[in-house]
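Inspection log for the structure reproduced underneath, given as structure tokens.
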Amino acid sequence: MTMETAKFRAVTGTKHVWGLAAMASGFVQTEGQLKLVRFLLGVAEGGVWPAVLVLLANWFTLQERARANAFWMACLPVSAILMAPITGILLKHFSWKTVLILEGIPPIVWAFVWYAMIKDRPTEAKWMDENEKQQLLHALTAEQSQSAKSQGYAAAFKNKAVWGLVIMYFLWMTGFYGYTMWVPSVVSEFTDDSSVMGWLTAIPFTCALVGMIVNSSWSDRRMNRTQHVVIPLFVAACAMIMGQFVETPLLKMILLSITAIGVYAPYGPLWAIPTAIIPAEVAGAAMGLQNAIGNLGGYNGPKFFGVLKDLTGNYHAGFYFLALSLALAGIVTFFLGKTIPQRQASATSASNQKTVHSN
3 MTMETAKFRA VTGTKHVWGL AAMASGFVQT EGQLKLVRFL LGVAEGGVWP AVLVLLANWF
63 TLQERARANA FWMACLPVSA ILMAPITGIL LKHFSWKTVL ILEGIPPIVW AFVWYAMIKD
123 RPTEAKWMDE NEKQQLLHAL TAEQSQSAKS QGYAAAFKNK AVWGLVIMYF LWMTGFYGYT
183 MWVPSVVSEF TDDSSVMGWL TAIPFTCALV GMIVNSSWSD RRMNRTQHVV IPLFVAACAM
243 IMGQFVETPL LKMILLSITA IGVYAPYGPL WAIPTAIIPA EVAGAAMGLQ NAIGNLGGYN
303 GPKFFGVLKD LTGNYHAGFY FLALSLALAG IVTFFLGKTI PQRQASATSA SNQKTVHSN
């Protein structure tokens, strides 16, 4: 996917596929049909990520992009905050198949809103005046010209730092998706009421949303990316382990919430690290490779958690596995951070870039 294509149209199309595949999940009759619609759902979801990354690159300078990424990725905890209680309420009145069909409608509706409001570039935005457009375009053009001689995946494959990022992201996604997928099951032990379970499930993700925004803003102010990835990951790992030694629902919920903050907070600061440790000419391909391979952890985490639960009959081994993955991700990030050059001009650059939108 290249910068020149209409990314907002690509996202519009994938949202339609996303919604239709989600709705089709409510009509399946066989395991093969379920695998097919879930595959289509994954294809649609996978198409949104790179398209939105390019849109953000077309609208935000490098110094603003960490916060832009964090605000965009806030959709993850926000969706959980909203849909967990809504799903709980729906399950009290409808079958799970009907709920799947109903929850496939919002992406289709939002696709029309997206198409009407989002544009690929500032020059196409009708809500900006010409002065604002030119200032932003000048800043983005100057930045992109510095990395115009970009190289592809072949160069990225040869860069050791790229593989460090891939390994780190894989480990993080293992813990991230393992936690996200299994939290509702853990919370279900607190109550038999599906609607109450939905509201309780929203609590950790509400904490995660606050943690993401605060951590990203603090990272930009301090111009420090590594600490704002490593510390949350270790905090999440410790909270996961501690959660296996407490029995009361209140303490479990507190530790689940701390874990949520830790696994979500690295969004934003993380995506500012590649451009700091990787040559500009391979940064784009590197982040694509990091996302493509690293996201396999999204399968690895939930899958192995489920296997360990079946083998042991409880959640303990699964959470130990996820905690280990997060801790290893933190260790890899720590050593990657050692390669970040110390540039005194970074803070000044950040300040200068911020003035683009403020003028």
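Per the numbering used here, numbering through the sequence shown is continuous, rising by one, with the last residue being 361. Idealized CB from N, CA, C, for every residue including glycine.
Only counting runs of 3 or more residues, tell me where the beta strand (DSSP E) segments fall wholly within the region 188 to 249, in order along the chain. Counting only runs of 3 or more, we get nothing.
Assess contact between the region 255 to 262 and the region 197 to 209, defined as three or more Cβ pairs (one per stretch) separated by less than 8 Å. Is contact present? Under the Cβ criterion (8 Å, minimum of three pairs), the region 255 to 262 counts as touching the region 197 to 209.
Can you look up H318 in the DSSP assignment and give me helix, strand or coil? Secondary structure at H318: helix, using DSSP grouped into helix, strand and coil.
What do you get for W20, buried or exposed, if any count of 16 or more other CB atoms within 10 angstroms of its CB means buried? Label assigned to W20: buried.
Minimum Cβ-Cβ distance from G21 to chain D less than 8 Å: Here chain D cannot be found, since the structure has a single protein chain.
Shortest alpha-carbon distance to H318 belongs to which of P304, F247, L330 and N297? The shortest Cα separation from H318 among P304, F247, L330 and N297 belongs to F247.
Can you give me the C-alpha to C-alpha distance between T341 and G28, rounded to a whole angstrom? Taking C-alpha positions only, T341 is separated from G28 by approximately 49 Å.
Which whole-angstrom value is the C-beta distance of G303 and K311, which I expect to be below 8 Å? The distance from the Cβ of G303 to that of K311 is about 12 Å, inconsistent with a contact at the 8 Å cut-off.
Would you report the Cα separation of A150 and V309, rounded to the nearest angstrom? Low confidence applies here, because A150 scores a pLDDT of 46, under 50, leaving its location unreliable; read the following figure in that light. Between A150 and V309, the C-alpha separation is close to 47 Å.
Collapsed DSSP secondary structure at G332 in the structure displayed: In this structure, G332 counts as helix in the three-state DSSP scheme.
Own chain residues within Cβ distance below 7 Å of L298, not counting five before or after: Closer than 7 Å at Cβ, skipping near neighbours: F172.
Neighbourhood of F178 by C-beta, 6 Å cutoff - its chain only, sequence neighbours within 5 removed: For F178, same chain residues with a beta-carbon under 6 Å away, outside a window of 5 residues either side, are V265 in chain order.
Would you call the region 31 to 49 in contact with the region 75 to 90, where contact means no fewer than 3 C-beta pairs closer than 8 Å? Between the region 31 to 49 and the region 75 to 90 there are fewer than three C-beta pairs closer than 8 Å, too few to call the two in contact.
Measure the Cβ-Cβ separation of G270 and M183 and say whether it is below 8 Å. G270 is not a Cβ neighbour of M183, given a cutoff of 8 Å.
Rounded to whole angstroms, what is the Cα-Cα separation between T125 and L139? Near 8 Å, if we compare the C-alpha coordinates of L139 and T125.
Let me know if A267 comes out buried or exposed under the rule of 16 or more other beta-carbons within 10 Å of its beta-carbon. With 16 or more neighbouring CB atoms inside 10 Å of its own CB, A267 falls in the buried class.
Throw me the rounded Cβ distance for the K94 and S197 pair, which I believe falls under 8 Å. In this structure, K94 and S197 form a Cβ contact; the two beta carbons are roughly 6 Å apart against a cut-off of 8 Å.
Cβ-based neighbour list, I280, same chain, cut-off 7 Å, excluding 5 preceding and 5 following: Within the same chain, I280 has close Cβ partners N161, A163, V164 and A288.
Does the Cβ of M242 have 16 or more other Cβ atoms within 10 Å, making it buried, or fewer, making it exposed? Counting every other CB atom within 10 Å of its CB across the protein chains shown gives M242 a total of 16 or more, marking it as buried.
Take A238 and list the residues in its own chain whose beta-carbon comes closer than 6 Å to its own, dropping the five residues that flank it on each side. Contacts found: T261, G264, V265 and L328.
For I110, which of L22, I295 and C240 has the nearest alpha-carbon? The option with the nearest alpha carbon to I110 is L22.
Distance, Cα to Cα, A12 vs V188? Between the C-alpha atoms of A12 and V188 there is a straight-line separation of about 37 Å.
Please say whether A24 and G200 have beta carbons closer to each other than 8 Å? Going by C-beta atoms, G200 is not nearer than 8 Å to A24.
Where do the ends of the alpha helix (DSSP H) carrying S259 lie? Bounds of the alpha helix (DSSP H) holding S259 are P251 to Y266.
On the three-state DSSP scale, how would you describe A150? Note on A150: pLDDT 46, under 50, position unreliable in the model; the coordinate value appears next. Looking at A150 - three-state DSSP - the assignment turns out to be coil, as it is neither helix nor strand.
Relative to the alpha-carbon of G90, which residue among L272, D194 and G315 has its alpha-carbon at the smallest distance? When each option's Cα is compared against that of G90, the closest is D194.
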